Structures are given as structure tokens and as C-alpha cells.
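Visitor:
Number of protein chains: 2
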Amino acid sequence: MANPTAAMLVIGDEILSGRTRDANLAHLAGRLTLAAIDLKEARVVADDHRDIVSAVRALSTRWDHVFTSGGIGPTHDDITADAIAEAFETTIDIRADARELLAAFFRKSGVALNAARLRMARIPDGATLIDNPVSVAPGFTLGNVHVMAGVPAIFQAMLESVLPSLEGGAPILSRTLRVDRPEGEIADPLGQIARQFADVSVGSYPFVRQGRFGSNIVFRSSDETALGAALDAFAVHFPDGHEQ
Amino acid sequence: MANPTAAMLVIGDEILSGRTRDANLAHLAGRLTLAAIDLKEARVVADDHRDIVSAVRALSTRWDHVFTSGGIGPTHDDITADAIAEAFETTIDIRADARELLAAFFRKSGVALNAARLRMARIPDGATLIDNPVSVAPGFTLGNVHVMAGVPAIFQAMLESVLPSLEGGAPILSRTLRVDRPEGEIADPLGQIARQFADVSVGSYPFVRQGRFGSNIVFRSSDETALGAALDAFAVHFPDGHEQ
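For the protein sequence lines, the chains are F and L, in the order given.
The first sequence begins at 0 in the working numbering and counts up by one.
The second sequence begins at 0 in the working numbering and counts up by one.
#1: Using the C-alpha atoms, what's the distance from Thr-175 of chain F back to Arg-56 of chain L?
#2: Should the stretch 4 to 14 of chain F be called in touch with the stretch 35 to 43 of chain F, which here means at least 3 C-beta pairs below 8 Å?
#3: Note the first and the last residue of the continuous beta strand (DSSP E) segment covering Leu-141 of chain L.
#4: Pull up the distance between the alpha-carbon of Arg-118 of chain F and that of Gln-243 of chain F, whole angstroms please.
#5: What separation, rounded to the nearest whole angstrom, lies between the Cα atoms of Thr-74 of chain F and Ala-103 of chain L?
#6: So Thr-224 of chain L is in the alpha helix (DSSP H); what residue range does that whole segment cover?
#7: Counting only beta-carbon separations shorter than 8 Å, does Phe-154 of chain F have a partner in chain B?
#8: Quick one: is Gly-244 of chain L near chain F, going by C-beta distance under 8 Å?
#9: Kindly indicate the opening and closing residues of the beta strand (DSSP E) around Thr-67 of chain L.
#10: Output, in chain order, the set of chain L residues within a Cβ distance shorter than 9 Å of Lys-39 of chain F.
#11: To be precise: take each residue of the stretch 128 to 139 of chain F, compare its Cβ to all Cβ atoms of chain L, and keep it if any distance is under 8 Å. Which residues remain?
#12: Just reading off the alpha helix (DSSP H) that Ser-59 of chain L is part of, what are its end residues?
#13: Give me whichever residues DSSP pairs with Asp-309 of chain F in a beta bridge.
#14: Is there contact between the stretch 14 to 28 of chain F and the stretch 142 to 162 of chain F, where contact requires at least three CB pairs shorter than 8 Å?
#15: Pull up the distance between the alpha-carbon of Pro-132 of chain L and that of Asp-239 of chain F, whole angstroms please.
#16: Taking one C-beta from the stretch 85 to 102 of chain L and one from the stretch 61 to 69 of chain L each time, how about it: are there three or more such pairs within less than 8 Å?
#17: Of all the CB atoms in chain F, is at least one closer than 8 Å to the CB of Gly-190 of chain L?
#18: Chain L partners of Arg-174 of chain F, CB-CB under 9 Å?
#19: Kindly indicate if chain L contains any beta-carbon less than 8 Å away from that of Glu-182 of chain F.
#20: So which residues of chain F does Val-150 of chain L contact, with C-beta pairs closer than 8 Å?
#21: Name the chain F residues that come within less than 9 Å of Val-217 of chain L, Cβ to Cβ?
#22: Between Tyr-204 of chain L and Thr-19 of chain F, how many whole angstroms is the CB-CB distance? I'm expecting something under 8 Å.
#23: Note down, in chain order, every chain L residue with its Cβ under 9 Å from the Cβ of Asp-222 of chain F.
#24: I'd like the list of long-range same chain contacts for Asp-76 of chain F, defined as Cβ closer than 7 Å, with 5 residues on each side in sequence excluded.
#25: Evaluate Arg-49 of chain L with the Cβ neighbour count: other Cβ atoms within 10 Å of its Cβ, from every protein chain shown; 16 or more gives buried, anything less gives exposed.
#26: If we call anything under 8 Å between Cβ atoms a contact, is Leu-141 of chain L one with Pro-170 of chain L?
#27: According to DSSP, simplified to helix, strand and coil, what is Thr-175 of chain F?
#28: Would you kindly check if the distance between the Cβ of Gly-202 of chain F and the Cβ of Glu-247 of chain L is under 8 Å?
#29: Could you pull out every residue in the same chain whose Cβ sits closer than 7 Å to the Cβ of Ala-84 of chain L, ignoring the five residues on either side in sequence?
#30: Between which two residues does the alpha helix (DSSP H) holding Ile-14 of chain F run?
#31: With burial defined as no fewer than 16 other Cβ atoms inside 10 Å of the residue's Cβ, what is the status of Glu-159 of chain F: buried or exposed?
#32: Output needed for Ser-134 of chain L: all residues of its chain with C-beta closer than 7 Å, excluding positions within five of it in sequence on either side, in chain order.
#33: Helix, strand or coil: which one does DSSP assign to Glu-242 of chain L?
#34: Is there a Cβ from chain F that is less than 8 Å from the Cβ of Arg-177 of chain L?
#35: What is the C-beta distance between Leu-100 of chain F and Leu-112 of chain F, in whole angstroms, given that I count them as a contact (C-beta under 8 Å)?
#36: Is Phe-237 of chain L closer than 8 Å to Val-178 of chain L when the C-beta atoms are compared?
Put into C-alpha cells, the structure is as follows:
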């Protein structure tokens with residue numbers, strides 16, 4: 000059976016202006032690979048209500064899970080929760096349980112739960128809260144969309160709250176072999192191997208290091224026997240390949 | 000007049016599996032901001048022909064420019080050029096000028112121009128070549144889509160070949176002020192300022208540093224006077240803000 004699929008939606012002008020370098024996609028990609036959920040697509044959109052709504056609709060219709068990052072804080076440019084509600088044609092309002100989480104947290108630190116902070120308790124109707132052990136303000140899951148913060152430490156913590164509830168597929172086994180030759184020299188036999196072993200994904204990733212070209216060849220499969228056979232075939236053609 | 004718009008399409012399984020951390024989006028974002036071209040959207044898709052075709056169509060229809068990275072090398076998983084040709088409903092074949100570039104390069108280094116390397120001379124009909132000063136194999140521009148390599152050094156070199164030919168808009172001026180207070184404390188006056196100065200984009204980016212919350216406030220505008228006025232208004236509310 001095929002693995003569950005997923006997409007990521009990164010929300011925020013700061014990524015598109017180059018001000019902030021997104022770190023959440025790479026983190027999510029690595030964690031989903033371990034969980035045997037196939038990340039199939041990612042998008043980055045600006046803080047624009049209509050763009051968020053249409054990306055959420057497109058991704059949540061096509062893939063099993065969607066993970067979003069960004070736009071759930073207290074400021075005027077945090078518009079993700081409202082966009083998610085609209086994407087699912089549901090209402091949104093301050094919710095008692097989320098408000099209580101925030102109230103308890105701010106009471107303890109002697110900080111006012113003002114109108115801006117209360118915005119973080121706005122949760123679309125029908126959503127489940129996602130625990131935020133870093134700064135309390137929760138994320139939420141609505142339908143198949145998991146809405147999380149953009150700050151990497153909080154994104155990562157929320158992801159760990161969500162992952163245990165998701166069903167994964169067969170774990171993907173991965174082996175990487177490096178060949179210190181340019182892709183153009185190895186492409187023909189590599190293509191043959193890729194065609195021969197249909198259950199193994201064979202990716203070739205060129206690099207330039209100290210002015211020399213080399214290739215990392217990544218073999219991925221959930222079938223250990225097929226993976227071993229493909230590696231054996233590779234070793235025949237490329238005895239100079241070494242494990243990375 | 001509004002600035003020209005752009006989107007990026009990152010092509011490659013390796014980004015989605017977490018094996019490789021994309022570096023090209025952040026680089027492109029920074030360069031386009033300097034060129035006064037607004038990056039509005041980015042997508043990452045797998046090495047899947049249909050996914051590439053449909054993303055290219057969606058992005059090139061909506062935005063003024065599309066920049067792609069990845070999938071133009073010699074191996075079996077390099078399928079970008081064919082997908083671009085299909086997206087524009089044109090043909091693709093080995094082109095004489097691209098072939099000659101490769102032949103001259105490999106002749107000089109005494110390397111065979113084999114069938115795999117010749118794949119890098121496959122250029123869609125009607126495209127213009129993009130110079131590759133690093134490893135010769137060219138990128139190309141077809142319609143409003145600029146097709147470039149995934150290896151960061153080559154992507155960056157190709158981008159510098161393309162950018163001078165593109166018309167930019169009014170340069171965006173940007174100022175960042177840091178306030179060592181959590182977003183929840185500054186959100187209300189900040190929202191007022193954002194509403195008051197419609198020509199200035201005001202973004203708030205929270206951070207956690209050594210366990211304390213702070214906010215970077217980014218003001219962006221092509222109108223220097225408006226930008227100055229927004230900063231003055233900000234200083235009244237937040238005398239503790241300091242330039243980053």
C-alpha cells in the first residue's frame with residue numbers, strides 16, 4: 000500500500016522577501032520521511048487572505064495531510080486562522096479552552112491578556128487544538144490541515160505534538176553512495192538501473208566541491224530486498240562508489 | 000505603478016525528502032528584492048512530469064516571471080526541460096548552439112560528449128539560452144519562465160546572467176526595528192500604524208532568544224516619505240525600538 004501523502008504550506012511575506020530563511024520545510028521533510036509519510040509538494044505564499052485560502056483548498060483536496068507554518072500570532076499580519084476557517088467554510092471565534100490556556104499562562108507571568116493576545120485564541124469551529132509547550136498559544140488541526148507557528152522552535156514542538164496521532168506507511172529505507180565523477184559520466188548505466196528496479200527510487204544529485212564535480216546517488220525503497228539488489232547492480236558499474 | 004511579480008518553482012525529490020536543504024529560494028528572494036521584482040509565491044514539486052507541467056502553467060499564467068531550479072542535468076531524473084516544453088505546448092530536441100557549447104567544453108577537457116551529456120543540449124523550441132559560466136550546460140528562458148540548475152553555485156551564476164535583462168520596478172526601501180518585547184504587547188499600536196500608513200508594508204516577526212520573546216518589525220515601501228512617517232509614528236509608541 001502506498002504511504003500517506005502530505006504537503007506543506009509556508010505562510011509569510013518574510014520568506015518571499017528574503018528577510019527570513021525558511022527552516023521549517025527541511026525539518027518537516029526529515030521528520031515525515033522518518034514517519035513514512037511522503038511529502039509531495041510545498042508552497043510558500045504571502046500574508047494574503049485569498050492566496051492562503053486557495054492554497055489550503057488546493058493542497059488539502061489533493062494530499063492526505065497539510066502542514067502550515069506561520070501567521071498564527073497576535074499581530075495584524077497574522078491572518079492564517081481566519082483563512083483556514085474560510086477554506087473549510089466554517090466560522091471562527093475566540094474559543095473558551097484556548098482562551099483559558101492563554102489566561103492561565105499570562106496570569107502566571109503577570110502579563111495582561113489584552114485584545115491582541117486574545118486573537119491567538121481564535122480557533123475555527125470544529126478544530127482540535129495542537130499543544131504548544133513553548134509559548135502556550137495553540138495551533139490547531141481542522142480536517143486534514145495542521146496549523147502551526149512559524150518560529151522554528153515552536154513549529155518543531157507542535158509537530159511533535161501532532162505526529163504521534165498520524166498513521167505512517169512502510170518505513171522508507173535510504174542509502175546514499177557518492178561517486179567522485181560528474182553525472183554525465185554515470186548517467187547511462189544509472190538510468191538502466193533506475194529502469195530495472197521499479198520499486199527503488201534512484202536520485203542523482205550533482206555537487207561541485209573544490210572545483211571538482213561529483214554525484215551523490217540516493218536509493219530509496221520500502222522493500223529491503225529490492226534496495227539491496229539495486230545497490231549490487233550499482234556496485235558492478237561503480238566499484239568506486241562509497242557509502243555516505 | 001506596481002512592481003513586476005515573480006514566482007519560484009523548486010523541482011526535486013531531494014528537497015521533499017529532506018535530503019537536501021534548498022538554498023536557492025532564499026538567494027532568489029534576496030536578489031529579486033534588490034531588483035525591485037516582487038516574489039509572490041514559491042512551490043516545491045517532486046521529479047514528476049505532470050506535477051512540473053501543471054505548476055509551470057499555474058505560475059507562468061499568474062505572475063510576470065517564473066524561476067525554476069533543478070532537473071536540467073544529464074541523468075534519468077532530470078526531466079525539467081521536457082516538462083517546460085509540454086507546459087508551453089512546444090517541441091524539444093537537441094539544439095545546435097547548445098550542443099556546440101557542450102562539445103567545445105568537453106573537447107577541451109578531453110571528455111566524451113556521450114548520449115547522457117547530450118541530453119543537456121535538449122532545449123524547447125523558441126527558448127533563449129541562459130549562460131552557465133560554471134559548467135557550460137545552459138539554462139534557458141521560454142516565455143516568462145527562466146529554467147536554471149539546482150546546484151546553488153550554478154543557479155546563482157545563471158541568475159546573474161538573467162537578471163540584467165529583466166525590468167525592475169521602484170526599489171523597495173526596507174527598515175527593521177527590533178523591540179525586546181513579545182508581539183502580544185505591541186500588536187495593538189502596531190496594527191494601528193499598519194492601517195494608518197497604507198503605502199507601507201508592516202511585518203512583525205517574533206523571535207525567541209535565550210528564552211525571551213522579542214519582535215522584529217519590518218517596514219517596507221517604495222515611498223521614502225511614507226516610510227519615514229511610519230517610522231516616526233512607531234518611535235512615538237516604541238521609543239525602545241532599535242534599528243537592526
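Built from N, CA and C at the ideal position, the CB exists for glycine as well.
Just so you know, these numbers come straight off a predicted model, no measurement behind them.
Guide: Reading it off the structure:
#1: Against the second sequence, residue 56 of chain L aligns to sequence position 57. Against the first sequence, residue 175 of chain F aligns to sequence position 176. Each residue's alpha carbon lies about 33 Å from the other.
#2: When C-beta atoms of the stretch 4 to 14 of chain F are compared with those of the stretch 35 to 43 of chain F, three or more pairs fall below 8 Å, so the two segments count as touching.
#3: Position 142 of the second sequence, counted from the first residue, corresponds to residue 141 of chain L. Following the DSSP letters along the chain, one finds Leu-141 of chain L inside the beta strand (DSSP E) bounded by residues 138 to 141.
#4: Working through the first sequence from its first residue, we reach residue 118 of chain F at position 119. Working through the first sequence from its first residue, we reach residue 243 of chain F at position 244. Computed Cα separation, rounded: 48 Å.
#5: Residue mapping note: residue 74 of chain F aligns to position 75 of the first sequence, counting from 1. Residue mapping note: residue 103 of chain L aligns to position 104 of the second sequence, counting from 1. Approximately 57 Å between the Cα atoms of the pair.
#6: Against the second sequence, residue 224 of chain L aligns to sequence position 225. In the DSSP assignment, Thr-224 of chain L falls within the unbroken alpha helix (DSSP H) covering 223 to 236.
#7: Although the question refers to chain B, the structure presented lacks it and instead comprises the protein chains F and L.
#8: No information on residue 244 of chain L is available, as it lies outside the stretch 0 to 243 that chain L covers here.
#9: Here residue 67 of chain L refers to the residue found at position 68 of the second sequence. It spans 64 to 68 - the beta strand (DSSP E) in which Thr-67 of chain L sits, taken as one unbroken run.
#10: Taking the first sequence and counting its residues from 1, one reaches residue 39 of chain F at position 40. The contact set of Lys-39 of chain F on chain L, defined by CB atoms closer than 9 Å, consists of Leu-15, Val-44, Ala-45, Asp-47, Asp-50 in chain order.
#11: For chain L, the residues of the stretch 128 to 139 of chain F that bring a beta carbon within less than 8 Å of one of its beta carbons are Val-133, Ser-134, in chain order.
#12: One-based indexing of the second sequence puts residue 59 of chain L at position 60. Its alpha helix (DSSP H) spans residues 48 to 61.
#13: Residue 309 of chain F falls outside the range modelled here, since chain F spans only 0 to 243, and no answer is possible.
#14: They touch, by the three-pair rule.
#15: The residue given as residue 132 of chain L occupies position 133 in the second sequence. The residue given as residue 239 of chain F occupies position 240 in the first sequence. Going by the C-alpha atoms only, they are around 29 Å apart.
#16: Cβ pair count under 8 Å is below three, so no.
#17: What you label residue 190 of chain L is simply residue 191 of the second sequence in a count that begins at 1. Gly-190 of chain L belongs to the set of residues whose beta carbon lies under 8 Å from a beta carbon in chain F.
#18: For the purposes of this step, residue 174 of chain F is identified with residue 175 of the first sequence, where counting begins at 1. Within chain L, no residue comes near Arg-174 of chain F; the closest Cβ sits about 12 Å away, beyond 9 Å.
#19: Residue 182 of chain F sits at position 183 when you count from the first residue of the first sequence. Contact with chain L is found for Glu-182 of chain F, since one of that chain's Cβ atoms lies less than 8 Å from the residue's Cβ.
#20: Residue numbering aside, residue 150 of chain L sits at position 151 when the second sequence is read from its first letter. The answer, in chain order, is Pro-205, Phe-206, Val-207.
#21: Translated into positions along the second sequence, residue 217 of chain L becomes position 218. In chain order, Asp-12, Glu-13, Ser-16, Arg-18 make up the part of chain F whose C-beta sits under 9 Å from the C-beta of Val-217 of chain L.
#22: Along the second sequence, read from residue 1 onward, the residue named residue 204 of chain L stands at position 205. Along the first sequence, read from residue 1 onward, the residue named residue 19 of chain F stands at position 20. With a Cβ gap of about 7 Å, Tyr-204 of chain L and Thr-19 of chain F count as contacting.
#23: Locating residue 222 of chain F in the first sequence gives position 223, where the first residue counts as 1. Chain L residues near Asp-222 of chain F: none, gap ~17 Å exceeds 9 Å.
#24: In the first sequence, residue 76 of chain F corresponds to position 77, counting from 1. Scanning its chain for C-beta atoms nearer than 7 Å, with the 5 sequence neighbours on each side dropped, one finds around Asp-76 of chain F the residues Asp-46, in chain order.
#25: Within the second sequence, the letter at position 50 stands for residue 49 of chain L. Result: exposed.
#26: Position 142 of the second sequence, counted from the start, is the residue given in the question as residue 141 of chain L. Position 171 of the second sequence, counted from the start, is the residue given in the question as residue 170 of chain L. With contacts defined as CB atoms closer than 8 Å, Leu-141 of chain L and Pro-170 of chain L fail to qualify as a contacting pair.
#27: Mapped onto the first sequence, residue 175 of chain F falls at position 176. Looking at Thr-175 of chain F - three-state DSSP - the assignment turns out to be strand.
#28: Since the first residue of chain L shown is 0 and the last is 243, residue 247 of chain L is not available in this structure.
#29: Within the second sequence, residue 84 of chain L is the residue found at index 85, counting from 1. Cβ neighbours of Ala-84 of chain L beyond the five flanking positions: Thr-90, Ile-91, Pro-123.
#30: Indexing the first sequence from 1 puts residue 14 of chain F at position 15. For Ile-14 of chain F, the uninterrupted alpha helix (DSSP H) segment begins and ends at 12 to 15.
#31: Residue mapping note: residue 159 of chain F aligns to position 160 of the first sequence, counting from 1. In the assembly as shown, Glu-159 of chain F is an exposed residue. Its beta-carbon has fewer than 16 other beta-carbons within 10 Å.
#32: Stepping through the second sequence from its first residue, residue 134 of chain L is reached at position 135. In chain order, Ile-153 place their CB closer than 7 Å to the CB of Ser-134 of chain L, counting only its own chain and leaving out the 5 sequence neighbours on each side.
#33: Residue 242 of chain L sits at position 243 when you count from the first residue of the second sequence. The answer is strand: DSSP assigns Glu-242 of chain L an E or B state.
#34: Residue numbering aside, residue 177 of chain L sits at position 178 when the second sequence is read from its first letter. By this cut-off, Arg-177 of chain L is not an interface position.
#35: Position 101 of the first sequence holds residue 100 of chain F. Position 113 of the first sequence holds residue 112 of chain F. Going by Cβ atoms, the distance from Leu-100 of chain F to Leu-112 of chain F rounds to 11 Å, so no, they are not a contact pair.
#36: Counting from 1 along the second sequence, the entry for residue 178 of chain L is found at position 179. Counting from 1 along the second sequence, the entry for residue 237 of chain L is found at position 238. Contact: yes.
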